[in-house]
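Have a look at the structure below, then the notes.
Number of protein chains: 2
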Amino acid sequence: MHLFYQPDIPAGTLHLDDEESRHVVKVMRLKSGDSIQLTDGKGSFYTANITEANHKKCAFEIISKEEVKPHSTFRHLAIAPTKNLDRTEWFVEKAVELGVDRISFLLGDHSERKVLKLDRIVKKAIGAMKQSGQAFMPQLDELTSIKNFIKQVQTDYKFIAYVDFENEALLKDKLVGSASNLVMIGPEGDFSEREVEMALAAGFVKVSLGANRLRTETAGMAAVHLMNLV
Amino acid sequence: MHLFYQPDIPAGTLHLDDEESRHVVKVMRLKSGDSIQLTDGKGSFYTANITEANHKKCAFEIISKEEVKPHSTFRHLAIAPTKNLDRTEWFVEKAVELGVDRISFLLGDHSERKVLKLDRIVKKAIGAMKQSGQAFMPQLDELTSIKNFIKQVQTDYKFIAYVDFENEALLKDKLVGSASNLVMIGPEGDFSEREVEMALAAGFVKVSLGANRLRTETAGMAAVHLMNLV
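So the protein sequences, as listed, match chains A and B.
For the first sequence, counting from 1, position 56 maps to 56 in this note's numbering; every step adds exactly one.
Residues are numbered in this note's numbering as their position in the second sequence, beginning at 1, plus a constant of 1000.
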């Protein structure tokens, strides 16, 4: 089943944008009167009938609506984008498939990537949401410094993936169900000492993801998977 | 720390192959007398000194050896390779990073990919083993039909990722620690009815990986991660 995305349905928008319209009309060759499935990315699925099969602005009328309950655990992942952007895009795809509510992108003292264009990342996330048949589009935050992020973020439980060999705590044993959890993953060059100190002072708890040395994007994906298991 | 791979150290081979030798001599510019770290992929790390910095056949002498205990759970994942080979290569990289003992590649009734060259996959696995600092190289099996695989495989616990809405069991609740576990993931077109029946007759248990519809490679990666958590 193909799923289309129109975030503005709750605000009254009853047509698809350019790209989705082209897909409906040119690729799937659907006509006026044909039925489509939609999501607003805000927790609702819709069954709709096409009223005008325009390949730039495909209009529809809503026949029925189904609301989906949000996941009981709020899953927030903060990660420094990788030097190789493919790896970050891959992470976003997998995180959305597994289920994630918010992804924040971080700029650290040891970050190799200092700019991030969010538009490609947003497209990946939309594609993964539709492909995996979900009704929630995660919030994606613009790149921000680790310092500012630590100061401003609000959440019930905050974890920093930073291995402390003397006091090792596994993330899987520390996550708390039915609450908001945030896991912060550092850049390929790891967090700086200053950043770790700031995080601890702000109430973050140091956690390990296991015995193996994981790449940034693998650590992020494992953390998202764990947040889906609590 | 850079890790080099020579699987034949236990059989007495005391030099690196072509590619690894070139890396040591041409890229890292190491000389006779310099120290390197090695693994045989069979559970041992070695510290060695270079005795001849030859860029085609770099010879070394072993100074010390450290044996690593195998993971208490044997993690066996069987998966049908994806149409897009990048996705399968990506899966192998992530599975090895997270930790996997054996990967079997399956050809199913609904497989779109009917051939698989193992050499690129093996390279990905070696790269991931070295990058994540591990001493075990997983066994990688040539493509085989699901029918033959089901008949021949030996393991303590066998699971097939196939959602049965009337009788849903989560893989995370079914895996057994300190035993050999096998999870079988179907092709993008899913298992055929015949394949599911054969698997059940052979003692496989139907399991779900969660609420979301996951891509083949994401399902494989999630299953490997779960086997590492028990």
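Heads up, the beta-carbon is just placed ideally off N, CA and C, and yes, glycines get one too.
Predicted, not measured: the structure shown is a model, and the values here were computed from it.
(Q) Just list the residues that DSSP pairs ILE1126/B with in beta bridges. (A) Answer by DSSP bridge pairing: none, since ILE1126/B is not bridged.
(Q) Looking at ALA1161/B: is its Cβ nearer than 9 Å to the Cβ of MET1198/B? (A) No.
Q. Mind listing which residues of the stretch 1196-1226 of chain B have their C-beta closer than 7 Å to chain A's C-betas, in chain order?
A. Residues GLY1210, ASN1212, ARG1213, LEU1214, ARG1215, THR1218, ALA1222 and HIS1225.
**Q.** Buried or exposed (CB count within 10 angstroms, at least 16 for buried), VAL1115/B
**A.** So VAL1115/B ends up on the exposed side.
Q: Given a cut-off of 9 Å, decide if THR1216/B and THR1073/B are closer than it, judged by their beta-carbon atoms.
A: The answer is no: Cβ separation not under 9 Å.
(Q) If you reduce the DSSP assignment to three classes, tell me which class GLN154/A lands in. (A) Annotated three-state conformation of GLN154/A is coil, per DSSP.
Q.
Please tell me whether GLU1097/B has its Cβ less than 9 Å away from any Cβ of chain A.
A. GLU1097/B counts as touching chain A.
Q | Residues that LYS94/A contacts on chain B, provided the C-beta gap is smaller than 7 Å | A | Correct list: THR1218.
(Q) Check whether the stretch 161-172 of chain A and the stretch 118-135 of chain A are in contact - that is, three or more C-beta pairs closer than 8 Å. (A) Counting C-beta pairs with one atom in each stretch, the stretch 161-172 of chain A and the stretch 118-135 of chain A have fewer than three that are closer than 8 Å, which means they do not touch.
Q) Would you call the CB atoms of PHE149/A and LEU118/A closer than 9 Å? A) Not in contact: PHE149/A and LEU118/A (Cβ atoms no closer than 9 Å).
(Q) Taking its Cβ as the centre, do 16 or more other Cβ atoms sit within 10 Å of SER21/A, making it buried, or is it exposed? (A) Its Cβ being crowded by 16 or more others within 10 Å, SER21/A is buried.
**Q.** Selection from HIS76/A, HIS71/A, PHE136/A and ALA48/A that minimises the alpha carbon distance to SER64/A
**A.** Looking at the Cα atoms, ALA48/A is the closest of the given residues.
Q: Identify which residue in SER44/A, HIS55/A and VAL207/A has its Cα closest to the Cα of ARG29/A.
A: Considering only alpha carbons, the answer is HIS55/A.
Q | Nearest residue (CA-CA) to ASP1173/B, options VAL1025/B, THR1144/B, VAL1096/B and VAL1205/B | A | Here the closest residue by C-alpha is VAL1205/B.
Q | Cross-chain neighbours of LYS1172/B in chain A, by beta carbon under 8 Å | A | What LYS1172/B touches in chain A: LEU229.
Q: Taking HIS15/A and ALA53/A to be in contact with their CB atoms under 8 Å, please state how far apart those CB atoms are, rounded to whole angstroms.
A: With a Cβ gap of about 11 Å, HIS15/A and ALA53/A do not count as contacting.
Q.
Can you tell me whether PHE1165/B is buried or exposed? The criterion is at least 16 other CB atoms within 10 Å of its CB, across all chains shown.
A. Taking a 10 Å sphere around the C-beta of PHE1165/B, we find fewer than 16 other C-beta atoms and assign the residue as exposed.
Q: Anything in chain A within Cβ reach of GLY1133/B, meaning under 9 Å, just list it in chain order.
A: Listed along chain A are ASN212 and ARG213, each with a C-beta nearer than 9 Å to that of GLY1133/B.
Q.
Buried or exposed for ARG1194/B, going by 16 or more other Cβ atoms inside 10 Å?
A. Exposed, since its Cβ has fewer than 16 Cβ neighbours within 10 Å.
Q) Since PHE258/A is in the alpha helix (DSSP H), which residue starts that stretch and which ends it? A) Residue 258/A cannot be examined here, being either before or after the span of chain A that is shown, 1 to 230.
Q: Work out the CA separation of THR1039/B and LYS1158/B for me, nearest whole Å.
A: Put simply, the backbone Cα of LYS1158/B is about 31 Å away from that of THR1039/B.
(Q) Check this for me: beta carbons of ASP141/A and SER180/A, under 9 Å apart or not? (A) It is not a contact, given that the beta carbons lie outside the stated cut-off.
Q: Work out the CA separation of LYS94/A and GLY177/A for me, nearest whole Å.
A: A direct Cα-to-Cα measurement between GLY177/A and LYS94/A gives close to 21 Å.
Q. Between HIS225/A and HIS1076/B, is the Cβ-Cβ spacing less than 9 Å?
A. Taking 9 Å as the Cβ cut-off, HIS225/A and HIS1076/B do not qualify as a contacting pair.
Q) Going by C-alpha distance, which of GLY1041/B, VAL1024/B and GLY1043/B is nearest ASP1034/B? A) Among GLY1041/B, VAL1024/B and GLY1043/B, the Cα nearest to that of ASP1034/B is on VAL1024/B.
Q: Could you tell me how far apart the beta carbons of GLY1186/B and GLY1099/B are, in whole angstroms, since I believe they sit closer than 8 Å?
A: With 8 Å as the limit, GLY1186/B and GLY1099/B do not qualify as a contact, their Cβ atoms being about 23 Å apart.
Q. Roughly how many angstroms separate the alpha carbons of LYS69/A and ILE126/A, rounded to a whole number?
A. Those two C-alpha atoms are separated by around 19 Å.
Q) Leaving out five residues before and five after VAL1196/B in sequence, what residues of the same chain have Cβ atoms less than 6 Å from its Cβ? A) Beyond the five residues adjoining it in sequence on each side, VAL1196/B comes within less than 6 Å, by CB distance, of TYR1162 in the same chain, given in chain order.
Q | Euclidean distance between Cα positions of GLY1242/B and PHE191/A | A | Since the first residue of chain B shown is 1001 and the last is 1230, residue 1242/B is not available in this structure.
Q.
At the level of alpha carbons, what is the spacing between LEU1209/B and ALA1219/B?
A. CA-to-CA, the gap between LEU1209/B and ALA1219/B works out to about 7 Å.
Q: Could you check what DSSP says for ASN1181/B in three-state terms: helix, strand or coil?
A: Reduced to three states, the DSSP call for ASN1181/B is strand.
Q) For HIS1071/B versus ASN1228/B, is the C-beta spacing smaller than 9 Å? A) The answer is yes: Cβ separation under 9 Å.
Q. So LEU1175/B and VAL1230/B are in contact, right, with Cβ under 8 Å, and what is the actual spacing, rounded?
A. Going by Cβ atoms, the distance from LEU1175/B to VAL1230/B rounds to 4 Å, so yes, they are a contact pair.
Q | Neighbourhood of VAL1092/B by C-beta distance below 6 Å, restricted to the same chain and skipping five residues each side | A | Residues ILE1121, LYS1124 and ALA1125 of the same chain have their beta carbon placed closer than 6 Å to that of VAL1092/B, with the five preceding and five following residues left out of the count.
Q: Grab the span of the alpha helix (DSSP H) containing ALA222/A for me, first residue to last.
A: Looking at the DSSP string, the run of the alpha helix (DSSP H) that includes ALA222/A is 216-229.
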